[in-house]
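*Asks:* Protein chains in written order, with this note's numbering: chain A, 382 to 515; chain B, 382 to 515. Quick one: the structure is below, questions incoming.
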């Protein structure tokens with residue numbers, strides 16, 4: 382029944398806008414998330430799929446993605462969007478994943494991408510910082 | 382003579398650390414820069430070269446890069462690093478470029494990447510926000 386699950390472990394901090402009001406720049410929303418988890422996703426194809434799926438959840442338009450697997454552990458991947466990018470960097474040895482969702486325009490829902498990652502990574506803790514400008 | 386040019390137009394804001402001290406995550410430095418410029422760099426090969434050069438300036442280890450040119454204008458590119466990523470997103474129609482330098486570990490000098498971009502883009506204004514954790 383609880384279809385729209387709320388994020389008990391979700392903590393967010395927004396930073397005040399920094400750009401002068403008389404400078405016109407595109408509206409953007411830059412979310413960086415620190416995820417603590419012992420659920421490790423280290424397969425490059427799976428990470429690529431996550432990136433595309435997260436982009437769609439956030440109503441972004443995916444363009445292309447690259448993923449690199451480190452030896453012995455850790456993986457890094459980025460997807461380019463029509464609206465900017467989403468990145469994943471993992472340190473399974475530290476039970477840590479960094480996620481970065483940078484989207485321009487007001488038509489997308491970048492927090493839905495983080496919500497998707499939170500579930501997929503079975504996050505124990507997720508902390509989110511947000512920078513918005515424009 | 383002014384070999385080490387200082388950045389007159391450089392304004393920086395650092396955000397306080399957000400992660401609990403009892404959670405161990407890798408040290409990272411996440412810089413986001415807003416650049417106002419009328420010097421447009423819209424050639425994909427040139428943007429790719431900038432990404433590699435900026436990574437080296439910051440003493441990062443580049444892995445691979447992807448760039449996408451939008452029609453009619455705007456370009457977006459990301460380079461994966463051993464230490465995370467650097468991204469560029471441009472809106473030449475608004476004389477605006479967003480740069481994102483996300484590096485882990487204390488061996489790199491991410492601000493040198495921004496200093497490089499500031500020069501290459503002949504920035505009129507550069508505003509930088511910094512999130513550090515770990």
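Heads up, the beta-carbon is just placed ideally off N, CA and C, and yes, glycines get one too. Predicted, not measured: the structure shown is a model, and the values here were computed from it.
1. Distance, Cα to Cα, residue 452 of chain A vs residue 429 of chain B?
2. Where residue 437 of chain B and residue 434 of chain A are concerned, what is the direct C-alpha to C-alpha distance, given to the nearest angstrom?
3. Heavy atom of the ligand SAH less than 7 Å from the Cβ of residue 451 of chain B, yes or no?
4. What separation, rounded to the nearest whole angstrom, lies between the Cα atoms of residue 463 of chain B and residue 485 of chain B?
5. Using a Cβ-Cβ distance cut-off of 8 Å, determine whether residue 421 of chain B contacts chain A.
6. Report all residues from its chain with a CB closer than 6 Å to the CB of residue 492 of chain A; omit the five preceding and five following residues, and keep chain order.
7. Along the chain, where does the beta strand (DSSP E) that runs through residue 391 of chain A open and close?
8. Under 7 Å Cβ to Cβ from residue 489 of chain B, same chain only, skipping five residues before and after it: list those, please.
9. Rounded to whole angstroms, how far is the Cβ of residue 502 of chain B from the Cβ of residue 420 of chain B, which I believe are closer than 8 Å?
10. Closest Cβ-Cβ distance between residue 468 of chain B and chain A: below 8 Å?
11. Which one of B/460, B/469 and B/407 has the shortest CA to CA distance from residue 448 of chain A?
12. Considering only residues of the region 398 to 482 of chain B, which uninterrupted alpha helix (DSSP H) runs meet the minimum length of 4 residues and lie entirely inside it, listed in chain order?
13. Under a Cβ-count criterion, where at least 16 other Cβ atoms within 10 Å of its own Cβ denotes burial, should residue 409 of chain A be classed as buried or exposed?
14. Can you tell me where the beta strand (DSSP E) holding residue 508 of chain B begins and where it ends?
15. From residue 402 of chain B to residue 396 of chain A, what does the alpha carbon distance come to, in whole angstroms?
16. Whole angstroms are fine: how far does the CA of residue 466 of chain B sit from the CA of residue 450 of chain B?
17. How is the alpha helix (DSSP H) around residue 493 of chain B delimited, first residue to last?
18. Identify which residue in A/422, A/481 and A/482 has its Cα closest to the Cα of residue 455 of chain A.
19. Would you verify that the beta carbon of residue 489 of chain B is, or is not, closer than 8 Å to some beta carbon of chain A?
20. Thinking C-alpha only, which one of B/510, B/511 and B/480 is nearest residue 498 of chain B?
21. Report the neighbours of residue 480 of chain B on chain A: residues whose CB is nearer than 8 Å to its CB, in chain order.
22. Residue 469 of chain B and residue 457 of chain B look like a contact to me (Cβ under 8 Å); what is the Cβ gap, rounded to whole Å?
23. Hey, is residue 415 of chain A's beta-carbon within less than 8 Å of any beta-carbon in chain B?
24. When the Cα atoms are used, what is the spatial distance from residue 482 of chain B to residue 487 of chain A?
25. For the region 439 to 456 of chain A, list every residue whose C-beta sits within 9 Å of some C-beta in chain B, in sequence order.
26. Check each candidate in B/508, B/512, B/514 and B/515 and name the one with the smallest Cα separation from residue 417 of chain B.
*Replies:* Inspection of the coordinates gives the following:
1. As a first step, residue 452 of chain A must be located in the first chain, where it is residue number 71. As a first step, residue 429 of chain B must be located in the second chain, where it is residue number 48. Taking the straight line from one Cα to the other gives about 25 Å.
2. Your numbering for residue 437 of chain B matches position 56 in the second chain. Your numbering for residue 434 of chain A matches position 53 in the first chain. So the alpha carbons of these two residues sit roughly 32 Å apart.
3. Of ligands this structure carries none, so the ligand SAH is not represented either.
4. Here residue 463 of chain B is taken as the residue at index 82 of the second chain, counted from 1. Here residue 485 of chain B is taken as the residue at index 104 of the second chain, counted from 1. In a straight line, the C-alpha of residue 463 of chain B is about 9 Å away from that of residue 485 of chain B.
5. The count along the second chain starts at 1 and reaches residue 421 of chain B at position 40. It does not: the Cβ of residue 421 of chain B has no partner Cβ on chain A nearer than 8 Å.
6. Residue numbering aside, residue 492 of chain A sits at position 111 when the first chain is read from its first letter. Once the five neighbours on either side are set aside, residue 492 of chain A has no close Cβ partner at all.
7. What you label residue 391 of chain A is simply residue 10 of the first chain in a count that begins at 1. Unbroken beta strand (DSSP E) run through residue 391 of chain A: 391 to 396.
8. Position 108 of the second chain holds residue 489 of chain B. Closer than 7 Å at Cβ, skipping near neighbours: 439, 440, 441 and 464.
9. Stepping through the second chain from its first residue, residue 502 of chain B is reached at position 121. Stepping through the second chain from its first residue, residue 420 of chain B is reached at position 39. Right, the Cβ-Cβ distance comes to about 6 Å (below 8 Å), so this counts as a contact.
10. Residue numbering aside, residue 468 of chain B sits at position 87 when the second chain is read from its first letter. Chain A, which has a Cβ nearer than 8 Å to the Cβ of residue 468 of chain B, makes this yes.
11. Position 67 of the first chain, counted from the start, is the residue given in the question as residue 448 of chain A. With distances taken between Cα atoms, residue 448 of chain A lies closest to B/460.
12. 425 to 438
13. For the purposes of this step, residue 409 of chain A is taken as the residue at position 28 of the first chain. Flag for residue 409 of chain A reads buried.
14. Numbered from its first residue, the second chain carries residue 508 of chain B at position 127. Here the beta strand (DSSP E) through residue 508 of chain B covers 506 to 514.
15. Your numbering for residue 402 of chain B matches position 21 in the second chain. Your numbering for residue 396 of chain A matches position 15 in the first chain. Near 20 Å, if we compare the C-alpha coordinates of residue 396 of chain A and residue 402 of chain B.
16. As a position in the second chain, residue 450 of chain B is number 69, starting the count at 1. As a position in the second chain, residue 466 of chain B is number 85, starting the count at 1. Going by the C-alpha atoms only, they are around 19 Å apart.
17. Taking the first residue of the second chain as 1, we reach residue 493 of chain B at position 112. Run containing residue 493 of chain B: 491 to 501, per the alpha helix (DSSP H) assignment.
18. Locating residue 455 of chain A in the first chain gives position 74, where the first residue counts as 1. When each option's Cα is compared against that of residue 455 of chain A, the closest is A/422.
19. Within the second chain, residue 489 of chain B is the residue found at index 108, counting from 1. Not one chain A Cβ lies under 8 Å of residue 489 of chain B.
20. Residue mapping note: residue 498 of chain B aligns to position 117 of the second chain, counting from 1. Taking only the C-alpha atoms, the option nearest residue 498 of chain B is B/480.
21. If you number the second chain from 1, residue 480 of chain B lands on position 99. In chain order: nothing, as chain A lies at least about 11 Å away.
22. Locating residue 469 of chain B in the second chain gives position 88, where the first residue counts as 1. Locating residue 457 of chain B in the second chain gives position 76, where the first residue counts as 1. Rounded, the Cβ-Cβ distance is 7 Å, consistent with contact.
23. Your numbering for residue 415 of chain A matches position 34 in the first chain. Chain B, which has a Cβ nearer than 8 Å to the Cβ of residue 415 of chain A, makes this yes.
24. Start at 1 with the first residue of the second chain, and residue 482 of chain B comes out as number 101. Start at 1 with the first residue of the first chain, and residue 487 of chain A comes out as number 106. In a straight line, the C-alpha of residue 482 of chain B is about 23 Å away from that of residue 487 of chain A.
25. 444, 445, 446, 447, 448, 449 and 451
26. Within the second chain, residue 417 of chain B is the residue found at index 36, counting from 1. Comparing Cα-Cα distances from residue 417 of chain B to each of B/508, B/512, B/514 and B/515, the minimum goes to B/508.
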